[in-house]
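Student: Each residue of the sequence shown is one higher than the one before, counting from 1 in the UniProt record's numbering.
Starting off with a structure, shown below.
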Amino acid sequence: MSDTTCLARLLSSAVHDLRNVLAVVRESSGLTADLLRLQEDVPKRDRMLSALSEVQAQVARGALLASAMDLLAECGAAGKAGSGDAGKDGAGPEGAGQDETGEEGCELNLVCQMFCCMAQRLARASVMRLEHVAKDDVDSAASVPAVLAALLRVLDTAAEAGGRVTLKLSAAVRHKQEGVVVEIAEGDNAEAVAAALDPLLVRISGGLQKLMVWRKQGTLFFLPLTGEHGS
């Protein structure tokens, strides 16, 4: 058994138990909140309900993190993550593994969502935010580790430039090439971050802005994940 397979199996087992823990916390806090709503004379009732609501929110966040860890476990075991409903409680990535030809690959929207979930703490350390913008599924020949490494390099580059921006990530196909659109959406250090990302990514001209006239967009870049960087 390889080290990767060993770690993948243990991580998958731990994630299963973690989901069971989250389910107990979710059901218990939900039941407690229901009972409190039936008792109007309970001291500090509103504060308790507010605290229980926060517990539910953190359980949902924990479920998303569990799905992200499950993605890593299945990636380690098989090398591919397919499309799946990773945002729902207890729902992990479906179809993780190799495709029928044995080639590695991934669904980019799923990987972007999981990256934004797992890397938030790293982003906050540089006063940055990561947001995933859901789009249509985009299948890529790139492996999950390769995509995560590329996105982490983008995050590290933005942090080294001073951070203090919001980065929005969305999967896209540009010039028949799969990749990730990186938008510097807001922040008082946007110019410096854009300059730092210029050598790393492909800057997108105003075409997308014209298609999305309902909102003001920041600087857009494209991260190609197959083939050579195009313009």
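Where a beta carbon is used, it is the ideal one built from N, C-alpha and C, also for glycine.
Alpha carbons only, please: which of His175, Val193 and Gln177 is nearest the one belonging to glutamate 183?
Tutor: Checked all of His175, Val193 and Gln177; the closest Cα to glutamate 183 is Val193.
Student: Measure the C-alpha to C-alpha separation of valine 25 and leucine 200 and round it to an integer number of angstroms.
Tutor: Straight-line Cα distance between these residues: approximately 43 Å.
Student: Do arginine 164 and valine 127 have their CB atoms nearer than 8 Å?
Tutor: In this structure, valine 127 lies closer than 8 Å to arginine 164 by Cβ.
Student: Opposite proline 43 in the DSSP bridges: which residues?
Tutor: DSSP, once it has assigned bridges, lists no residue as partnering proline 43.
Student: According to DSSP, arginine 203 sits in a beta bridge with which residue or residues?
Tutor: Looking at the DSSP assignment, arginine 203 forms a beta bridge with Phe221.
Student: Per DSSP, arginine 174 forms a beta bridge with which residues?
Tutor: BP columns for arginine 174 point to Gln177.
Student: When you compare each of Met118, Glu54 and Gln58 to glutamate 131 by their alpha carbons, which one comes out closest?
Tutor: When each option's Cα is compared against that of glutamate 131, the closest is Met118.
Student: Which same chain residues, not among the five before or five after alanine 33, have their C-beta less than 7 Å away from its C-beta?
Tutor: The answer, listed in chain order, is Leu49 and Leu52.
Student: Is glutamate 178 near serine 140, with beta carbons less than 8 Å apart?
Tutor: A contact, by the Cβ cut-off of 8 Å.
Student: Output needed for proline 224: all residues of its chain with C-beta closer than 6 Å, excluding positions within five of it in sequence on either side, in chain order.
Tutor: Excluding positions up to five away in sequence, the list reads Gln177 and Gly179.
Student: What is the DSSP secondary structure of glycine 97, counted as helix, strand or coil?
Tutor: Caution is warranted here: a pLDDT of 44 is assigned to glycine 97, below 50, making its placement in the model unreliable, and the coordinate value is therefore given only provisionally. Here glycine 97 sits in coil by DSSP.
Student: Is it right to say arginine 19 is buried, meaning 16 or more other beta carbons lie within 10 angstroms of its own, or is it exposed?
Tutor: Burial call: buried.
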